[in-house]
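Protein chains in written order, with my numbering: chain H, 41 to 237; chain L, 41 to 237.
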């Protein structure tokens with residue numbers, strides 16, 4: 041008799057939480073089972089590929105969350121600079137609330153498992169693509185041409201992802217706010233007309 | 041009889057290599073001993089605090105390497121933009137050489153152990169401070185005032201650290217080059233005189 045699918049999502053959510061806090065290597069299957077409240081059998085049922093296949097699902101889920109956040113913020117803001125600052129404020133608040141344990145939900149797993157694990161690579165690439173696509177659209181709306189918008193979207197993604205690491209080490213959201221505010225300022229300066237040189 | 045200090049450095053170097061490739065959690069003391077070629081006893085001799093104390097030494101060593109690289113590049117380049125592009129080229133080359141396994145020598149350890157481990161936090165903060173100090177000096181030399189130079193140095197550090205993660209996942213140095221080139225372009229634009237608005 042097939043099990044009801046009700047335990048799949050709790051297992052993935054527990055994995056995202058534990059991987060982002062302690063890393064993939066330090067998280068045991070028993071930790072995931074305990075945190076999720078799912079019966080142990082359901083873990084093997086949904087993830088017959090074991091821990092590596094849970095890592096893929098966790099990266100996919102983390103990617104979906106970032107995309108959902110960015111889509112909401114993109115709709116609520118009038119420029120990429122505003123979007124970045126709003127995102128940095130949100131991340132700072134979440135980080136502070138977790139005692140600076142909840143950093144980027146996918147960075148640690150990506151660093152522990154790529155480039156060796158092809159499936160995790162693939163999930164990571166898709167997550168980056170989706171994230172960069174939203175920022176690219178917003179940068180086009182700001183007035184940047186297609187090629188530059190894509191490049192700036194990649195830079196903005198890297199800057200916030202990097203700042204999350206420093207925020208965790210320093211136990212403050214400041215690096216996030218600085219990165220977003222300085223990018224916002226420079227993006228605005230890039231769009232303003234220049235004096236003839 | 042005290043052991044000669046000859047095995048300390050190989051143990052730290054092995055740890056930096058293994059932590060950056062596989063993460064702290066997945067690296068066993070036996071892996072470190074084997075990679076370093078040091079006798080097992082020397083590991084306990086130099087690091088009586090065990091694996092966590094090796095993590096601190098590895099983050100300190102990683103910090104020293106980044107600082108040495110940045111100091112060399114700062115002396116060889118005439119602007120922060122040039123420095124960032126030279127650094128990105130160097131990192132891309134190193135990454136490609138290792139099959140994209142050797143990312144940032146401290147990010148993975150920082151994410152796995154902070155903010156819980158105070159000693160690793162402290163080593164991480166010092167490494168960030170030293171790195172940001174060099175970029176701040178270079179940005180001042182470009183013509184930015186002190187406050188803005190410090191903030192931009194933090195942004196540039198975050199952007200390259202974040203781009204290293206994407207480079208690893210995508211198995212290409214492109215995200216690094218894009219981040220450095222776009223920062224370089226925007227820094228230059230920030231310094232140019234503007235048309236009266």
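No residue lacks a Cβ here, since even glycine has one placed at the ideal position from N, Cα and C.
| Asked | Found |
| --- | --- |
| Residue 166 of chain H classed as buried or exposed, judged by whether at least 16 other C-beta atoms fall within 10 angstroms | exposed |
| Per-residue contacts from residue 194 of chain H into chain L (C-beta, under 9 Å) | 203, 206, 214, 215, 218, 219 and 222 |
| Beta-carbon contacts of residue 140 of chain L that lie in its chain and below 6 Å, excluding the five residues immediately before and after | 208 and 211 |
| DSSP-derived helix/strand/coil call for residue 66 of chain H | coil |
| First through last residue of the alpha helix (DSSP H) which encompasses residue 47 of chain L | No alpha helix (DSSP H) holds residue 47 of chain L; DSSP gives it neither H nor E. |
| Contacts that residue 127 of chain L makes with chain H (C-beta to C-beta distance below 9 Å) | Result: empty, since nearest Cβ-Cβ is about 14 Å, beyond 9 Å. |
| Spatial distance of residue 48 of chain L from residue 77 of chain L (CA atoms) | 11 Å |
| Option nearest residue 239 of chain L by Cα separation, candidates L/145, L/132, L/73 and L/88 | Examination of residue 239 of chain L is not possible in this model, given that chain L is present from 41 through 237 alone. |
| CB of residue 56 of chain L within 8 Å of CB of residue 111 of chain L, strictly | no |
| Contact between the region 82-98 of chain H and the region 64-74 of chain H (3+ Cβ pairs under 8 Å) | yes |
| Alpha helix (DSSP H) runs contained entirely in the region 164-195 of chain L, provided each spans 4 or more residues | none |
| Alpha-carbon spacing of residue 109 of chain H relative to residue 172 of chain H, whole angstroms | 13 Å |
| Residue span of the alpha helix (DSSP H) that contains residue 135 of chain L, given as start and end | 120-137 |
| Residue nearest to residue 125 of chain H in terms of C-alpha spacing, selected from H/233, H/230 and H/215 | H/215 |
| C-alpha distance - residue 45 of chain L paired with residue 89 of chain L, whole-angstrom precision | 17 Å |
| Inter-residue spacing [alpha-carbon to alpha-carbon] between residue 118 of chain L and residue 188 of chain L | 19 Å |
| Test: residue 229 of chain H CB closer than 8 Å to a CB of chain L | yes |
| The alpha helix (DSSP H) enclosing residue 146 of chain H, as first and last residue numbers | Neither: residue 146 of chain H is in no alpha helix (DSSP H) and is coded neither H nor E. |
| Residue range of the unbroken alpha helix (DSSP H) whose run includes residue 92 of chain L | 91-116 |
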